[in-house]
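Asker: Residues 509 to 1073 in the working numbering are what the sequence shown spells out, letter by letter.
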Amino acid sequence: MKLTGAQIVIESLIKENVEVVFGYPGGAIMNVYDEIYKQDKFKHILTKHEQGAVHMADGYARATGKVGVAMVTSGPGLTNAVTGIATAYTDSIPMVVISGQVPTFAIGTDAFQEVDAVGVTRPITKHNFLVKNVDDLAYIIKEAFYLAKSGRPGPVHIDIPKDVTVAKTKFEYPEKIELKTYKPTYKGNVRAIKRAAEAIKKAKRPVFYIGGGAVLSGAYQLVRELVKLTKIPAVETLMARGVLRYDCPYLMGMVGMHGSYAANMAMNDADLIISLGARFDDRVTGKIDEFAKNADIVHIDIDPSQIGKVVPTKYPIVGDLKLVLEEMMPFILDGLDTDRYEEWREILNRYQELYPLTYKDDDSVIKPQWVIQKTGEIAPEDAVISTDVGQHQMWTAQFYPFTYPRQLLTSGGLGTMGFGFPAALGAKEGVKDRTVINFTGDGSIMMNIQEVLTGYKYKLPVINIILNNNYLGMVRQWQTMFYDDRLSETDLSDVQPDFVKLAESMGGIGFRVKTKAEFEEALKKALDSKKVAFIDVQVDRREDVLPMVPPNSPLKNMLVFKEDK
């Protein structure tokens, strides 16, 4: 029996056990949407904007570990999805994005709603395809899912011309994929593993530098066990928050531009940095020629292109972090003397005592850090937390008590304002039994606020806590610190909407709070409401995110207190 290309898309998604597709229809993808109407094997969530669809697929993937799927039409449908695709690409999130395209005979003629989709997405996808023949469609979909979730994960884009969705062929879905030019290395080289293990046992000031790969590989239990047994201090990147529990005695905190003093000094003073699925991002290293000048580097990563890319690596290990650690741990623990690190631990613990993450609380005004801490006390321990981008993102990373991996959903690499709310909706669809809370700012929340209607329609009760300082807060902070307080286009006080009415007009509920007691009451009501909720918290307008490593400065040159500026 022959199927149309549109039917093949549907049957292929069913074969891949896809549970939900986030999307927005249009002319070029209409035949596929006609087949979506006829099936009942997976759910489709209609978003209010294509960017929202891709961010929802992203949030779903981050929260569940499964491949997220988004579907859009050609032209503006695809270009509206670009920001979401790039967001997933920079953070290595497994996703398949399917777009419609004008018919093959019209490609290159500047047809209505035509854009060179594969040309646009080539730099921001792990791989992309233009399907020219319906006979290739099933294999390409299978390959796309395989590429998205294997090796270093990432988004894959499939562009399907409209005539391909009409053409018919025999449907045969491949059982497996074999690609001659793509064979990820999963098992690490044993000799390299042994060398790295010996270096760890000989080091006096080692530090585990934990990155997002520890989440993506499912290695967090091994990482926790390794840190506990070796008693070696550890730091986490933004993407790794929750790999170690917030109360782990060996966790020095988050590292980087807004990392803790102890975490940054651990990296600065170490004689051995053991990188576990991290990529030495510029927000972590600071001034690169001053970074870890006295340290050798052990770098474990499944992507060989990342090793040695930013910093010289003495002990490179290519492989899946979970498999590498399973093999490496016995070599590390064999004859390990954890007392040799005692002096190093004492130094870093002293740093934590002298310069803890802190803020000056004040009952006359709500501090944003207090809101985040109080939310951590009231919300369930397994609540999923998403953020947009800016000051609230850094305060969340600093002060929320993260307990599990995949608990924090945030745009790390691209820094996408507007990510948090749709990502939270996608996460809620994936983990319906868990509370999902989005920390956002009064700037970020406006960028995809239309998705309140999506949450209302599909009963996805996400709570949005708006830390409202009437500024584009992080830009304002930089303008204050480095531009003599010239606040160019960052004051939002004259253009604030009524967030309560806005939420209510789209089926949600809203609260405006100005005191701590009002916030606690509002959060409890929002948790009980089962609706999309906005809590508009009027916070201290001029609060800064500290510590802060100024741009192009070494990690040790942190601004810790306001008077340091």
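The beta carbon of each residue, even a glycine, is placed where N, CA and C say it ideally should be.
Would a C-beta distance cut-off of 8 Å place proline 663 and tyrosine 597 closer than the cut-off?
Answerer: Yes. Within cutoff.
Asker: What residue range does the beta strand (DSSP E) around serine 607 cover?
Answerer: From DSSP, the beta strand (DSSP E) with serine 607 extends over 603 to 609.
Asker: Quick check: the stretch 569 to 576 against the stretch 928 to 948, are at least 3 beta-carbon pairs closer than 8 Å?
Answerer: Yes, they touch.
Asker: How many angstroms separate the CA atom of arginine 1136 from the CA atom of glycine 921?
Answerer: Within the shown structure, residues of the chain are numbered from 509 to 1073, placing residue 1136 beyond reach of any answer.
Asker: At what residues does the alpha helix (DSSP H) containing leucine 730 begin and finish?
Answerer: Start and end: 728 to 738.
Asker: Secondary structure at leucine 1054, three-state DSSP: helix, strand or coil?
Answerer: Of the three classes helix, strand and coil, the one that applies to leucine 1054 here is coil, per DSSP.
Asker: Comparing C-alpha positions only, which one of Tyr908, Thr587, Gly627 and Leu638 sits nearest to threonine 612?
Answerer: Residue Leu638 is the option with its Cα nearest to threonine 612.
Asker: Compute the Euclidean distance between the alpha carbons of threonine 904 and serine 582, then round it to the nearest angstrom.
Answerer: Each residue's Cα considered, the two are about 37 Å apart.
Asker: Could you check whether the Cβ of isoleucine 701 sits closer than 7 Å to any heavy atom belonging to the ligand FAD?
Answerer: Absence of the ligand FAD from the depicted structure is noted, as is the absence of any ligand whatsoever, leaving it without description.
Asker: Bridge partners of tyrosine 979, per DSSP?
Answerer: BP columns for tyrosine 979 point to Asp999.
Asker: Nearest-angstrom Cα distance between alanine 656 and serine 725?
Answerer: Spanning the two alpha carbons is a distance of roughly 13 Å.
Asker: Once DSSP output is grouped into helix, strand and coil, what is the label at lysine 657?
Answerer: Correct three-state label for lysine 657: helix.
Asker: Which residues bound the alpha helix (DSSP H) around tyrosine 597?
Answerer: Here the alpha helix (DSSP H) through tyrosine 597 covers 584 to 598.
Asker: Under the rule that 16 or more other beta-carbon atoms within 10 Å means buried, what is proline 1005, buried or exposed?
Answerer: It counts as exposed.
Asker: Do you know offhand how far leucine 862's Cα is from proline 584's?
Answerer: So the two alpha carbons sit approximately 53 Å from each other.
Asker: Just reading off the alpha helix (DSSP H) that threonine 793 is part of, what are its end residues?
Answerer: 790 to 793 is the span of the alpha helix (DSSP H), which, as asked, contains threonine 793.
Asker: I need the DSSP call for glycine 531, collapsed to helix, strand or coil.
Answerer: Looking at glycine 531 - three-state DSSP - the assignment turns out to be strand.
Asker: Going by other Cβ atoms of all chains shown within 10 Å of its Cβ, with 16 needed for buried, is phenylalanine 799 buried or exposed?
Answerer: Burial call: buried.
Asker: Would phenylalanine 530 pass as a contact of alanine 594 if the rule is Cβ separation under 8 Å?
Answerer: It is not a contact, given that the beta carbons lie outside the stated cut-off.
Asker: Assign glutamate 651 to buried or exposed, taking buried as 16 or more other Cβ atoms, counted over all protein chains shown, within 10 Å of its Cβ.
Answerer: The residue is buried, with at least 16 neighbouring Cβ atoms inside 10 Å.
Asker: Please go through the stretch 537 to 591 and give each complete beta strand (DSSP E) segment of 3 or more residues, from N-terminal end onward.
Answerer: Taking only runs of at least 3 residues, the beta strand (DSSP E) segments lying wholly in the stretch 537 to 591 are 551 to 554 and 576 to 580.
Asker: If you reduce the DSSP assignment to three classes, tell me which class threonine 629 lands in.
Answerer: Helix at threonine 629.
Asker: Keeping to the same chain, check which residues put their C-beta closer than 7 Å to that of serine 996; ignore five residues upstream and five downstream.
Answerer: Result list for serine 996: Gln987, in chain order.
Asker: Give the straight-line distance between the Cα atoms of serine 658 and aspartate 1002, rounded to the nearest whole angstrom.
Answerer: Rounded to whole angstroms, serine 658 to aspartate 1002 spans 48 Å at the Cα level.
Asker: Return helix, strand or coil for leucine 687, following the three-state DSSP convention.
Answerer: Of the three classes helix, strand and coil, the one that applies to leucine 687 here is coil, per DSSP.
Asker: Are the CB atoms of proline 1059 and leucine 1067 nearer to each other than 8 Å?
Answerer: Their beta carbons are not under 8 Å apart, which means proline 1059 does not touch leucine 1067 by this criterion.
Asker: Could you tell me which of Glu706, Arg699, Val879 and Gly938 sits nearest to valine 1076, measuring between CA atoms?
Answerer: There is no way to answer for residue 1076, as the model of the chain reaches only from 509 to 1073.
Asker: Relative to the C-alpha of valine 605, which candidate in Ser768, Ile537, Asp618 and Leu511 has its C-alpha closest?
Answerer: Per the Cα distances, Ile537.
Asker: Whole-angstrom Cβ separation of isoleucine 544 and isoleucine 518, contact assumed at under 8 Å?
Answerer: Correct: roughly 7 Å between the Cβ atoms.
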